[in-house]
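Numbering (mature numbering (1 follows the signal peptide of the UniProt record, and there is no 0)) for the sequence shown: -29 to -1, 1 to 138.
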Amino acid sequence: MASANNSSKVTLFCVVAMMMMMKMMMVEAAAMPKVGGQSKHPKTHTEASDGAEAEMIPLQIDNKFLNHYRSVRPLQNASVSPWTYNITNDATLVPPFLSEARCLLRGCLDLDGVEDLNLESRPIMHQVMMLRRVKSKGAETGYHYRLESRLLAVGCTCVRPTVQYQD
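#1: To which residues does DSSP link Pro94 through a beta bridge?
#2: Consult DSSP for Thr55 and reduce its assignment to one of helix, strand or coil.
#3: May I have the straight-line CA-CA distance separating Arg121 from Glu86, to the nearest angstrom?
#4: State the beta-bridge partners of Tyr114 as determined by DSSP.
#5: Give the C-beta separation of Ser92 and Cys127 to the nearest angstrom, bearing in mind that I take them to be a contact with Cβ-Cβ under 8 Å.
#6: Beta-carbon within less than 7 Å of Met101's beta-carbon, same chain only, minus the 5 sequence neighbours each way: which residues are those?
#7: Under the three-state reduction of DSSP, which class applies to Asp83: helix, strand or coil?
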């Protein structure tokens, strides 16, 4: 009797697991664009300032989905290649505040905290995506967002200098 009871529990567990997987697959399939069909968001085709055709897609930004970072130990002063941040504010960008690292030394700190010029401090570059608010053509108050990419220095690291030998 115990064997039949365990078998029923295993079968029930398998059925529930399969139903959950099917539900997840249905949600994913519903979110995917339909081939040859229309999405639920209307698209507008316009001509960009450089003459290329641009596709306009409505975008809603909800702040509750943005990452809110916990307090993290600041590394810029604990590094052998210390840096500081330059913070810029551009109200036409999302996010509006950008922090870009600037290396404080040409060389790197040794164990005694003295700058060693046999090594070099170099910025660590990272590509970030952001949205720029652009005034819409022909509309006095309307605007849209354009996706942009920017290369930002996010910190500094210590490297051996590159030596180029000449013939």
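The beta-carbon is built from N, C-alpha and C at its ideal position, and this holds for glycine as well.
By the coordinates alone:
#1: Walking along the sequence shown from the start, residue 94 turns up at place 123. Under the DSSP definition of a beta bridge, Pro94 partners with Cys127.
#2: As a first step, residue 55 is located in the sequence shown; it is residue number 84 there, counting from the start. Strand.
#3: Within the sequence shown, residue 121 is the residue found at index 150, counting from 1. Within the sequence shown, residue 86 is the residue found at index 115, counting from 1. Cα-Cα distance, rounded: 31 Å.
#4: Along the sequence shown, read from residue 1 onward, the residue named residue 114 stands at position 143. Paired residues: Lys106.
#5: Within the sequence shown, residue 92 is the residue found at index 121, counting from 1. Within the sequence shown, residue 127 is the residue found at index 156, counting from 1. Correct: roughly 5 Å between the Cβ atoms.
#6: For the purposes of this step, residue 101 is taken as the residue at position 130 of the sequence shown. Answer for Met101: Leu64, Val65, Pro66, Glu119, Arg121, listed in chain order.
#7: For the purposes of this step, residue 83 is taken as the residue at position 112 of the sequence shown. Correct three-state label for Asp83: coil.
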